[in-house]
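See structure below.
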Amino acid sequence: MNYKNLCFVLAAMVLFSMALSLASAANELVFNQSSASLTLNHGTTANALSFFLNNTLANQNITNISFSATSLTTGTYTISSGNITLPANVSLIQYNSTSSLLTAYIAVPQYQQPGTYAGTITASGTNGTSLTAQLSISLTVNSTSALSLSAPAEVNKAQNISSFTITNTGNVDLTNINISYGASSIKDSAGRQATLSFSPNNFDLAKSASRAINITSVVPSNMHVNDYSTVITANSSSGTSATAALKVISDYCRYGKNGTDAEILSIKDTSSDNDWEWKPLDKVDVEVNVRNNGDDDEDITVEIGLYDPQDNEFLDLDDNEKTVLIADGKSKALEFTIEVPTDIKDIDYRLYARAFYDDDEKNQCSDRFDSSFYKLASIEKESRDVTIQNINAPSSVSCGETVEITAKAYNIGKRDEDKVYVNLLNKELGINQNSDSFVLDELESKSLSFSIIVPKNATQKDYTLNLKSYYDYDEYDDNYDASSTFTTLLKVSGSCITSSENDVSISASLADGSENIISGGKMKLKVALTNPKDAETTYTLSASDYQDWASLEKVEPSSLTLKKGESKDAYLYFDIKGDASGEKIFKVKIGYDSQFKEQSLAVTIKKSTLTGMVSAFASNIKNNWVMLVLVLVNVVLIAGIILVAVKLSKPRVNVLE
């Protein structure tokens, strides 16, 4: 081998050794993977990218390892390296070992252009010589289409302009955006509909861009009073959409709510036992507190309305509008009385109120209070309820005068009544009258009239007349299971005969053997008379007001002649009718010296259970002879029970003063 060839071989060996040395150094610090990829949406933050670093040296540690990153790019679009959060520095990776888990975080800016971005993370360390390792990063940013709408302010008849903002919250441009709304939801049950228009409409919107949209509404003046709501929808040609709710109000203010000078502070139910729970024919006091926020004294009118949300109409109210002068900055409470109608439904009604300047309703009208639009009044009906209203009696009557008392019975319950009657009672005046029985269906009424005679010797004063309705009739036991009492005053004044010390003394009681008064039986009344006059006097006896429940068989004797201070007894014999029962009031009349004295008496008649039972059994026996023996035994047992009960009961005659 010549000298030139030897030199060439030696040079080649040196170069090969250097190459081996460089290759060994390049692989001493390496990532456990050559590349990493992520797929993210724009506006995403703190997304983890995890990896390990390996020290491949057999006997040397690598120290002071730090990290850096390039920006991520695709075409002309960039995600800055500042959006990459790198792992903390690593002080040591021992030879032939692996680091603990290392994590980098990538944040994608809002509205970042979609595409696939590339970049590099570099790790740098030393073992006496600088060492590096690189990790290729691929980040795909998704294409996202999205819109958002801000909440528009409500509109009404007066304030019919509103607006909202639409924003392209995606990372792609949107075209042909159209605004629409749900028309059917702002239509009342009579077909009257509010309308909306939008400006602008049908437009493009770049990513991240916003645009203000104006709304113009038209609410019909006669549209049913209510809070309506519709959904506004924005749609782009790509199918991207967004919605917002808009409240459309048909106000109680005639021209729409406007201005703030007439302000309703509160509405209160001041008379009901339970606030805002009413019954038919209730008289309810409602207080509306209103303030004048203007700079001058003003006449402010307050109007209330009771609204039926089923039929979408206001009920007629007699006392529903008042006007009052209110000083600037001051408030006043106005009282209204609502008579709840008889035929009101068993539902929740709405009580509205509006306050307005009497000479400027268009510009100063409010129908809200404490952010509320109305009060709910719950109508609570009983299953059965017959009330008596419109009771009319003369303001004043004279003794001996015939008086007509009129009234009206209303069925304000939920059920029809097959049999109803009304009793008029005042024991002092000897009044005890029953009306004829009548049918009274739900929501119906019946006019009643009673004719009474005021006794000539009545005391001059105010008398309470009690009217009692009997209903919930049970045909099986011939009883009324419910009743209600109502009252009115009758003033008696003038032409009254004053009682004197020479009036005959009357004492009445049931005679021996007539202690038990039973329907279908007999009653023997003992009347003791005492003559207080100085002269001998003849007294005649009779009775009245018994014909509905008994017949008078005889009076024995029908007249008595008594000396001064003398007392004698007379007897009245009555046959009690078979259907008579309960307390009965009648009169014993004593005539003497061309004048008379009446004494009102009350007795209690017990219904004969035996009579009713025998009648019912007899009807069944006609068609069922097999049960005859059993029926007879039952009748005997029942009769025995009744006889025992009769013995234990001791009714008496009550003298009504």
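Going by this note's numbering, the first residue of the sequence shown is number 9, and it counts up by one from there. Backbone N, C-alpha and C define an ideal beta-carbon position, used for all residues, glycine too.
Cβ-based burial, residue i [other Cβ within 10 Å; buried from 16]
i      : result
Leu570 : buried
Val447 : exposed
Pro565 : exposed
Ile169 : exposed
Ile272 : buried
Ala66  : exposed
Ala717 : For residue 717 there is no data in the structure shown, the boundaries of the chain being 9 and 665.
Leu497 : exposed
Thr268 : exposed
Glu561 : exposed
Gln120 : buried
Leu384 : exposed
Ala417 : buried
Glu321 : exposed
Leu333 : exposed
Asp485 : exposed
Asp324 : exposed
Val227 : buried
Asn300 : buried
Pro402 : exposed
Pro160 : buried
Thr248 : buried
Residue j beta carbon less than 8 Å from that of residue i
i      : j      : result
Asn266 : Ala166 : yes
Lys349 : Pro288 : Sequence inspection shows Pro at residue 349; the Lys mentioned does not correspond to that position. Against a cut-off of 8 Å, the Cβ pair of Pro288 and Pro349 comes out as a contact.
Ser153 : Val180 : yes
Tyr360 : Val233 : yes
Ile185 : Leu213 : yes
Gln68  : Tyr103 : yes
Thr47  : Thr148 : yes
Ala270 : Phe364 : yes
Val535 : Asp583 : no
Phe594 : Ser559 : no
Phe75  : Leu94  : yes
Leu314 : Tyr260 : no
Val428 : Ser477 : yes
Ser146 : Ser42  : no
Gln318 : Lys276 : no
Leu533 : Ala543 : no
Ile396 : Leu475 : yes
Glu591 : Asn539 : no
Leu685 : Val563 : Residue 685 is absent from the structure shown; the chain starts at 9 and stops at 665.
Leu139 : Ile92  : no
Terminal residues of the beta strand (DSSP E) in which residue i lies
i      : result
Phe60  : Run containing Phe60: none; DSSP gives neither H nor E here.
Phe381 : Where Phe381 is concerned, there is no enclosing beta strand (DSSP E), given that its DSSP letter is neither H nor E.
Ile346 : Ser339 to Glu347
Arg362 : Asp356 to Tyr365
Val535 : Lys530 to Thr538
Lys469 : Lys469 to Asp482
Val667 : Lying before the first or after the last residue shown, residue 667 is absent from the chain, which here runs from 9 to 665.
Ile221 : Ser218 to Val226
Ala252 : Ser249 to Ser258
Ser550 : Thr545 to Ser552
Leu580 : Ser575 to Ile584
Arg299 : Lys291 to Asn300
Ile87  : Tyr85 to Ile87
Phe494 : Asn487 to Val500
Leu273 : Ala270 to Asp277
Val239 : Asn234 to Asn243
According to DSSP, residues forming a beta bridge with residue i
i      : result
Ser459 : Glu412
Lys427 : Looking at the DSSP assignment, Lys427 forms no beta bridge with any residue, so it has no partner.
Ile312 : Ala361
Asn558 : It should be noted that the sequence gives Ala, not Asn, for residue 558. Paired residue(s): Ile584.
Ala417 : Ile396 and Lys454
Gly123 : Val149
Lys330 : Val310
Tyr263 : Note: Tyr263 sits in no beta bridge, so no partner.
Val405 : Val500
Determine, using beta-carbon pairs with one atom in the region 419-427 and one in the region 380-400, whether at least three such pairs fall under 8 Å. yes
Cβ contact check for the region 74-90 and the region 116-125: 3 or more pairs under 8 Å: yes
Using a Cβ distance threshold of 8 Å, determine whether the region 189-209 contacts the region 323-337, with at least three qualifying pairs required. no
Decide if the region 539-556 is in contact with the region 594-602; the criterion is three or more beta carbon pairs, one per stretch, under 8 Å apart. Touching, yes, given that three or more Cβ pairs across the two stretches are closer than 8 Å.
Under 8 Å, with one C-beta from each stretch per pair, do the region 365-379 and the region 400-408 reach the 3-pair mark? no
With a cut-off of 8 Å, do at least 3 Cβ pairs link the region 45-61 to the region 111-119? Contact holds: three or more Cβ-Cβ distances are below 8 Å.
Pair every Cβ in the region 450-463 with every Cβ in the region 484-494, then say whether three or more of these pairs are closer than 8 Å. no
Does the pairing of the region 339-355 with the region 293-307 give three or more beta-carbon distances under 8 Å? Yes: at least three Cβ pairs fall under 8 Å.
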